[in-house]
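Going line by line, the protein sequences match chains A and B.
Counting from 1, position 65 in the first sequence corresponds to residue 66 in this note's numbering; the numbering is continuous, with no gaps.
Counting from 1, position 176 in the second sequence corresponds to residue 241 in this note's numbering; the numbering is continuous, with no gaps.
For glycine and all other residues, C-beta sits at the position ideal for the given N, C-alpha and C.
Every value quoted in this text rests on a predicted model; they were computed, and no experiment measured them.
In what follows, a single structure is set out as structure tokens and then discussed.
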Amino acid sequence: MKRRNFLAALGAGFLGGCSEIGKTGTFKALVEGAQDWHRGIHRALGAGRITMAPEYHRSEVSPHFRGNGTTRVGKPEYDASRDNGFADWRLAVTGLVTTPLELSMDDLRALPQRTQITRHDCVEGWSAIGEWTGPQLSSILALAGVQPAARFAVFHCADTLGNADYYESCDMDDALHPQTIIAHLLNGEALPEMNGAPLRLRLERQLGYKHAKYLTGIELVESFDHIGRGRGGYWEDRDSGYQWYAGI
Amino acid sequence: MAERGTTRKKRHALSTRLWHWVNALSFFILFMSGLNISNAHRYLYWGDWGFMPEQAWLEVPRFPGWMTIPSYYSLAAARDWHVLFAWVFSLGLLLFMIAALRNGHFRYDLVTRWRDWKPSAVWADIARHLKFDFRREGSKYNFLQKANYGLVIFILLPGMIFTGMAISPGMNAAWPWLLDVFGGRQSARSLHFIFAWLLFAFTVGHILLVLLTKPDEQIGDMITGGIDDEAA
Numbered sequence: 002m003k004r005r006n007f008l009a010a011l012g013a014g015f016l017g018g019c020s021e022i023g024k025t026g027t028f029k030a031l032v033e034g035a036q037d038w039h040r041g042i043h044r045a046l047g048a049g050r051i052t053m054a055p056e057y058h059r060s061e062v063s064p065h066f067r068g069n070g071t072t073r074v075g076k077p078e079y080d081a082s083r084d085n086g087f088a089d090w091r092l093a094v095t096g097l098v099t100t101p102l103e104l105s106m107d108d109l110r111a112l113p114q115r116t117q118i119t120r121h122d123c124v125e126g127w128s129a130i131g132e133w134t135g136p137q138l139s140s141i142l143a144l145a146g147v148q149p150a151a152r153f154a155v156f157h158c159a160d161t162l163g164n165a166d167y168y169e170s171c172d173m174d175d176a177l178h179p180q181t182i183i184a185h186l187l188n189g190e191a192l193p194e195m196n197g198a199p200l201r202l203r204l205e206r207q208l209g210y211k212h213a214k215y216l217t218g219i220e221l222v223e224s225f226d227h228i229g230r231g232r233g234g235y236w237e238d239r240d241s242g243y244q245w246y247a248g249i
Numbered sequence: 066m067a068e069r070g071t072t073r074k075k076r077h078a079l080s081t082r083l084w085h086w087v088n089a090l091s092f093f094i095l096f097m098s099g100l101n102i103s104n105a106h107r108y109l110y111w112g113d114w115g116f117m118p119e120q121a122w123l124e125v126p127r128f129p130g131w132m133t134i135p136s137y138y139s140l141a142a143a144r145d146w147h148v149l150f151a152w153v154f155s156l157g158l159l160l161f162m163i164a165a166l167r168n169g170h171f172r173y174d175l176v177t178r179w180r181d182w183k184p185s186a187v188w189a190d191i192a193r194h195l196k197f198d199f200r201r202e203g204s205k206y207n208f209l210q211k212a213n214y215g216l217v218i219f220i221l222l223p224g225m226i227f228t229g230m231a232i233s234p235g236m237n238a239a240w241p242w243l244l245d246v247f248g249g250r251q252s253a254r255s256l257h258f259i260f261a262w263l264l265f266a267f268t269v270g271h272i273l274l275v276l277l278t279k280p281d282e283q284i285g286d287m288i289t290g291g292i293d294d295e296a297a
């Protein structure tokens with residue numbers, strides 16, 4: 002075989018091989034396992050302190066904030082609630098809690114508020130900086146009372162993408178993190194629809210697809226088995242979907 | 066050094082050869098999966114943030130399937146490859162550096178002297194290179210090789226790893242100083258892209274020079290270790 006043909010065959014074999022390897026169970030298991038190393042290492046590098054996402058100065062806020070994924074919910078019930086100023090919007094807190102809650106927008110605004118100017122990083126590669134205000138998820142969970150069996154917080158949403166309900170989830174470490182807030186204000190104004198009105202999760206140490214929009218409920222669970230396809234999120238459930246731990 | 070004679074019988078130490086091929090494989094996987102990731106948002110910015118084409122300093126072309134892993138557009142699958150092989154790439158470099166410090170590879174083969182950097186000396190080396198005269202004086206590599214390998218091993222490869230880490234929001238929370246080093250997340254992303262293409266350019270030059278100068282012997286030596294003709 003001529004050397005040139007050999008090199009071409011080598012190149013084609015490499016590409017073909019990668020595509021085949023990518024479909025194997027071993028490769029998928031490695032990728033799944035790597036998420037846990039990443040999450041563990043990111044937390045461990047904090048060396049005992051709570052690692053905090055960088056916060057920015059007001060002068061660094063982006064002139065407008067890009068919307069991605071669902072930018073219009075397009076459901077009559079949602080539109081009616083929006084046109085009514087979300088007066089009837091309720092956030093349900095359910096699952097492994099001592100007292101299930103149904104919180105109105107006024108209930109959420111009456112809780113202690115946190116304002117943070119943070120950078121939002123999309124999995125695609127772009128970033129935007131915005132100022133978010135809302136109660137910390139930890140104070141909502143303190144009201145409801147967390148049962149010891151709870152391992153994850155699942156965030157249910159009003160929007161549907163490609164015929165599946167959007168949802169996301171995180172571990173309790175992220176759920177109770179001081180920067181994890183249920184935002185109702187962006188740059189001091191009620192959230193625009195494209196950014197998740199009336200409520201969106203801010204999960205500042207992870208990528209944008211984890212920051213669930215149009216929040217209707219928070220459910221504490223021990224496993225994801227009974228939700229969607231059991232992988233902990235809308236994207237995670239896709240056949241070629243993003244990883245559950247999105248700190249990388 | 067008494068041990069020098071025994072450890073340097075081969076032209077390339079086992080640790081160097083193992084790392085060379087592991088690094089070559091992981092570089093191609095990272096580069097090609099990286100081009101797939103680049104297709105997801107083809108604009109590069111400076112500073113902390115950026116999402117609008119008019120802010121971009123560069124609109125990157127869309128890379129065709131034959132240049133990417135996987136060979137079709139999938140941001141999710143490309144990210145799986147990328148973050149997995151980032152481990153192979155980083156740990157491989159770390160282990161190679163430890164081995165090269167211990168076996169004297171850095172000290173004997175890569176350290177340059179001040180007089181090597183004189184413009185006249187550099188120019189003479191370039192002139193010899195252009196004539197494919199790769200004689201070296203008392204060392205395994207000539208000046209241009211040392212300078213290039215040094216740039217790749219100590220600047221571009223670690224730069225690739227640290228700019229990659231600075232793009233990760235989880236790392237930003239753990240090590241916020243990384244963002245200050247590179248001037249913000251979007252700057253780190255731009256530098257990640259620039260370093261990747263500089264490494265690609267090095268790789269092309271490296272392969273061409275091997276192919277032009279006794280390729281069978283050179284590739285063979287990088288597999289078997291070869292014989293160090295200067296060991297005596």
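| Query | Result |
| --- | --- |
| C-beta neighbour in chain E for A/D238, strict 8 Å | The structure shown contains no chain E; the protein chains it does contain are A and B. |
| B/D113 beta carbon less than 8 Å from that of B/G249 | yes |
| Residue of B/S139, B/A238, B/G99 and B/L83 minimising C-alpha distance to B/L264 | B/G99 |
| Sequence-distant residues of the same chain with beta carbon closer than 6 Å to A/H178, five excluded per side | none |
| For B/H257, the three-state DSSP class (helix, strand or coil) | helix |
| Separation of B/L160 from A/E103, as counted between CA atoms | 55 Å |
| CA nearest to the CA of A/T99, picked from A/A151, A/T52, A/T71 and A/E125 | A/A151 |
| CB contact below 8 Å: A/S140 versus chain B | no |
| Alpha-carbon to alpha-carbon, B/H147 and B/W86 | 18 Å |
| Inter-residue CB distance, A/L216 and A/L200 (contact presumed, cutoff 8 Å) | 4 Å |
| Cβ-Cβ distance between A/Y243 and A/V124 below 8 Å | yes |
| Contact list for A/Q137 against chain B, beta-carbon separation under 7 Å | The premise fails here: A/Q137 is roughly 16 Å from chain B at the closest Cβ pair, so nothing lies under 7 Å. |
| Under 9 Å from the C-beta of B/Q283: neighbouring residues of chain A | Residues of chain A passing the Cβ test: none, with the nearest at roughly 14 Å. |
| B/A141 at chain A interface by Cβ criterion, 8 Å | yes |
| Interface partners of B/N237 on chain A, CB under 7 Å | A54 and P55 |
| Cβ of B/T72 within 8 Å of any chain A Cβ | Summary for B/T72: the model assigns pLDDT 49, below 50, so the residue's position carries little reliability, and this model does not support an answer. |
| Span of the alpha helix (DSSP H), counted from its first residue to its last, around A/Q36 | G26 to A45 |
| Where A/E21 falls, given that 16 or more other Cβ within 10 Å makes a residue buried | exposed |
| Other residues of its chain near B/P280: CB distance less than 6 Å, five sequence neighbours each side excluded | none |
| Same chain, Cβ closer than 6 Å to A/G68, five either side skipped, listed in chain order | M195 and N196 |
| Sequence ranges, alpha helix (DSSP H) only - wholly within the region 131–170 of chain B, length at least 4 | 140–167 |
| Option nearest B/W111 by Cα separation, candidates B/A253, B/F208, B/A231 and B/L83 | B/A253 |
| Cutoff 8 Å: B/A297 Cβ touching any chain A Cβ | Any reading at B/A297 must be qualified, since the residue scores a pLDDT of 39, below 50, and its modelled position is unreliable; no value is offered. |
| Contacting positions in the region 235–265 of chain B - beta carbon closer than 8 Å to chain A | G235, M236, N237, A238, A239, W240, P241, L244, R250, Q251 and R254 |
| Within chain B, partners of A/Q207 - CB distance below 8 Å | P234 and G235 |
| Chain-ordered neighbours of A/C158 on chain B, where CB pairs are closer than 7 Å | Under the 7 Å cutoff, chain B gives no residues; its nearest Cβ is about 20 Å from A/C158. |
| Contact set between A/I130 and chain B, taken where Cβ atoms lie within less than 7 Å | D113 and W114 |
| Extent of the continuous alpha helix (DSSP H) run through A/E61 | From DSSP, A/E61 is part of no alpha helix (DSSP H); its letter is neither H nor E. |
| Neighbouring residues, chain B, relative to A/A35 (Cβ below 8 Å) | V148, L149 and W152 |
| Interface flag, B/T278 vs chain A, CB-CB below 8 Å | no |
| Delimiting residues of the beta strand (DSSP E) encompassing A/P136 | S128 to P136 |
| Alpha-carbon to alpha-carbon, B/S139 and A/A184 | 31 Å |
| Buried versus exposed call for A/H58 [16 or more other C-beta atoms within 10 Å across all chains shown] | exposed |
| Expected contact under 8 Å - CB spacing of A/L162 and A/Y235 to nearest Å | 6 Å |
| Contact the region 132–147 of chain A vs the region 91–98 of chain A: 3+ CB pairs below 8 Å | yes |
| Beta-carbon neighbours of B/P129, restricted to chain A and to distances below 7 Å | None at all; the shortest Cβ gap to chain A is about 12 Å. |
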